[in-house]
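A.B. asks: If you read the sequence shown in the numbering used here, its first letter stands for residue 2, the second for the next number, and so on. Glycine is no exception: its CB is placed at the ideal position from the N, C-alpha and C atoms. Everything numeric in this text was worked out from a predicted model, so none of it was measured.
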Amino acid sequence: MKYLGTMKDIDGVLEIGGISVKKLQKEYGTPLYVYDLELMENKMKNIKSSFKSDRFKTTIVYASKAYLSKGMTQVVDRMGFHIDAVSSGELYTILSSNFPAKKIHMHGNNKSLEEIDMCVENEIGSIILDNRFEADRVAEACKKFNKKMNVMLRLNIGIDAHTHEYIKTSKHSSKFGESIFDRDIVSIVSEIIQKKELNFLGFHCHIGSQIFDEMAFCEGIKTMVEFTKKISQELDIVIPEINIGGGFGVRYTEEDTDVDLKKIMKKIIGCLEESLESAELTIENVSIEPGRSIVAQAGSTLYTVGGEKKTFGGEKYIFIDGGMTDNIRPALYQAKYECIVANRLDENKKEIVTLAGKCCESGDIIAKNIKLNRCVAGDIVLVSCTGAYGHSMSSNYNKALRPAVVFVKNGKSYLISKRETYEELVQNDFMFNENID
Ligand SMILES: Cc1ncc(COP(=O)(O)O)c(C=O)c1O
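(1) Compare the Cα-Cα distances from residue 80 to each of 50, 93, 87 and report the closest residue.
(2) Specify, as a first and last residue, the run of the beta strand (DSSP E) that residue 111 falls within.
(3) For residue 54, which three-state DSSP category applies?
(4) Just to confirm, are residue 367 and residue 390 a CB contact at a threshold of 8 Å?
(5) Say whether chain C places a C-beta atom closer than 8 Å to the C-beta of residue 46.
(6) May I ask you to report which of helix, strand or coil DSSP gives residue 420?
(7) Quick one: what's got a C-beta closer than 6 Å to residue 181's C-beta in the same chain, skipping five residues either side?
(8) Suppose you measure from the CA of residue 371 to the CA of residue 340; what does that come to, to the nearest Å?
(9) Out of 438, 377, 46, 230, which one is the CA nearest neighbour of residue 278?
(10) For residue 287, which residues in the same chain have their Cβ closer than 8 Å to its Cβ, ignoring the five residues on either side in sequence?
(11) Residue 357: which of 130, 151, 332, 127 sits nearest, CA to CA?
(12) What residues in its chain sit with their C-beta under 7 Å from that of residue 171, if we drop five residues either side in the sequence?
(13) From residue 187 to residue 109, what distance separates their C-alpha atoms?
(14) With which residues is residue 155 paired in a DSSP beta bridge?
(15) Grouping DSSP H, G and I as helix and E and B as strand, with all else coil, what is residue 260?
(16) Kindly give me the distance between the Cβ atoms of residue 398 and residue 325, rounded to whole angstroms, as I take these residues to be in contact under 8 Å.
(17) Counting pairs of Cβ atoms below 8 Å between the stretch 29 to 40 and the stretch 301 to 310, do you hit three or more?
(18) Kindly list the residues whose CB is nearer than 6 Å to the CB of residue 13, restricted to its own chain and excluding five residues on each side of it in sequence; keep chain order.
(19) Find out if the Cβ-Cβ distance for the pair residue 18, residue 411 is shorter than 8 Å.
(20) Closer than 7 Å: is that where the CB of residue 294 sits relative to any heavy atom of ligand 1?
(21) For residue 237, which of 3, 222, 282 has the nearest alpha-carbon?
(22) Can you name, in chain order, every residue of its own chain whose Cβ lies under 7 Å from the Cβ of residue 119, other than the five neighbours on each side?
(23) Please state whether the Cβ-Cβ distance between residue 126 and residue 105 is less than 8 Å.
(24) Rounded to the nearest angstrom, what separates residue 284 and residue 141 at their Cα positions?
(25) For residue 103, which residues in the same chain have their Cβ closer than 6 Å to its Cβ, ignoring the five residues on either side in sequence?
(26) Can you grab the Cα-Cα spacing for the pair residue 427 / residue 395, in whole Å?
(27) Is the closest heavy atom of ligand 1 to the C-beta of residue 176 under 7 Å?
(28) Given the structure, does residue 70 come close to ligand 1, in the sense that its CB is under 7 Å from one of the ligand's heavy atoms?
(29) Compute every distance between the C-beta of residue 332 and the non-hydrogen atoms of ligand 1, then say whether any falls below 7 Å.
(30) Exposed or buried, which one is residue 205 when buried takes at least 16 other CB atoms within 10 Å?
(31) Any chance you could list the beta strand (DSSP E) runs of at least 3 consecutive residues sitting entirely within the stretch 378 to 410, in chain order?
(32) Do you know offhand how far residue 67's Cα is from residue 139's?
(33) Taking residue 360 as part of the beta strand (DSSP E), name the residues at either end of that continuous run.
(34) Give the DSSP-derived three-state secondary structure of residue 180 in the structure shown.
(35) Can you tell me the Cα-Cα spacing of residue 308 and residue 342, whole angstroms?
(36) Near residue 354, what residues of its chain come up, given a Cβ to Cβ distance below 6 Å and the 5 sequence neighbours on each side ignored?
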């Protein structure tokens, strides 16, 4: 397993942020999400220092769906980043941590009236309209609260850059945004700009996740710039902003290439400047929305080994005390991870094993056929790079208690979310208080 961030081998025991995993296991129990705060801050600093241009202002919006907690919003705010939300739950979490409302941006392809009201009433920075109908709903909410709202329009630009490659054909059926190829697209924008309750900032796109190919971003930027130019000419308006979304790739295992965030940011800035110059277009501000690239590598999950099993079929399982409830990604889309027995780093004997969770699902596998140092019950297995879409996609399946989250830095640990209790697990349940025979 590749050591990430502040991970260190101290006499055979892994340390993160200056704290040994044994100490973390003892103090907080397992499963436990551990975030290396220094690594996370370094990722943010790298993006901030390189996503800059002399020709336009830049805004970095942290995509909170990757991982969100009140503590995380404090880190994001301290770094001077903005933040996005996709649901009233995310919005509530962010607002309740006193994050500056003007730096919050709301996404979602089916925002409820309640969600729209929440955005308008709290005067958040902007709403990214998914479609033409939302413009009417947002305008109605503005009338109700006597407010004006900044809006962008999410575009489907016809580039589908999911996982490593980009193709220019299969993307038109995405549920997100309005297509730039739609013959009504000019009138859709025209309707939005005519609403006096709305302040139209510009266009948004997001071409996918885990993108390693810089050219996919450049292709997207070129399309966005050309489209912005076309609309500003046809409607004779100034469009001040574009937002090109997130999706910057992350190395999970040796199968992925290592990504230099500074390099990719500079490349994107170069593509933006080039595209704007050749389109003879001026843009005031360009935003990006990184999520995974900020938190994925900073997060690790600690598990305690319960036991092992060699099956008649020859598979050797190591059983851990969590699983698909704290990390659904392997079951959901065959995501791969690197793991290590973190309290036995000097154990040289290695075996090919499958790391299985404790849920009642055969698919509850965290890592299949991986090389792991030998371990026994009570040992600590660390799965690295679980910081994005692990905690945020966790569930109570089999009534698992959601694990605690700690941030670690310089020998100190900070409890960010406590482990769920049995009482909390049933707190919303009611029992019949009458005879139902
Ligand atoms: C609109 C939007 N912006 C940003 C992101 C963040 O992507 P990533 O975490 O891959 O950077 C997503 C992810 O789905 C998204 O849908």
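C.D. replies: Let me lay it out:
(1) 50
(2) Where residue 111 is concerned, there is no enclosing beta strand (DSSP E), given that its DSSP letter is neither H nor E.
(3) In this structure, residue 54 counts as coil in the three-state DSSP scheme.
(4) no
(5) The structure shown contains no chain C, having only a single protein chain.
(6) coil
(7) 156, 158, 228
(8) When rounded, the separation of the alpha-carbon atoms in residue 371 and residue 340 is 8 Å.
(9) 230
(10) 54, 57, 58, 59, 60, 242, 243, 244, 245, 273
(11) 332
(12) Low confidence applies to residue 171: its pLDDT is 44, below 50, so where it sits in the model is not reliable, and the reading given next is rough at best. If we look at residue 171 and ignore the five residues flanking it on each side, its Cβ neighbours are 161.
(13) 22 Å
(14) 205
(15) coil
(16) 7 Å
(17) Pairwise C-beta distances place the stretch 29 to 40 in contact with the stretch 301 to 310, as three or more of them are shorter than 8 Å.
(18) If you ignore the 5 residues before and after residue 13, its C-beta comes within less than 6 Å of the C-beta of 346, 347, all in its own chain and listed in chain order.
(19) yes
(20) yes
(21) 282
(22) For residue 119, where only same-chain residues beyond five positions count, the Cβ hits under 7 Å are 89, 92.
(23) Yes, Cβ-Cβ distance for residue 126 and residue 105 is below 8 Å.
(24) 29 Å
(25) Take residue 103, set aside five residues on each side of it, and the residues of its chain with a beta-carbon closer than 6 Å to its own are 126, in chain order.
(26) 17 Å
(27) no
(28) no
(29) no
(30) buried
(31) Runs of the beta strand (DSSP E) inside the stretch 378 to 410: 381 to 385, 405 to 410.
(32) 26 Å
(33) Unbroken run through residue 360: none, as it is neither H nor E.
(34) If DSSP states are grouped into helix, strand and coil, residue 180 belongs with the strands.
(35) 13 Å
(36) 317, 319, 373
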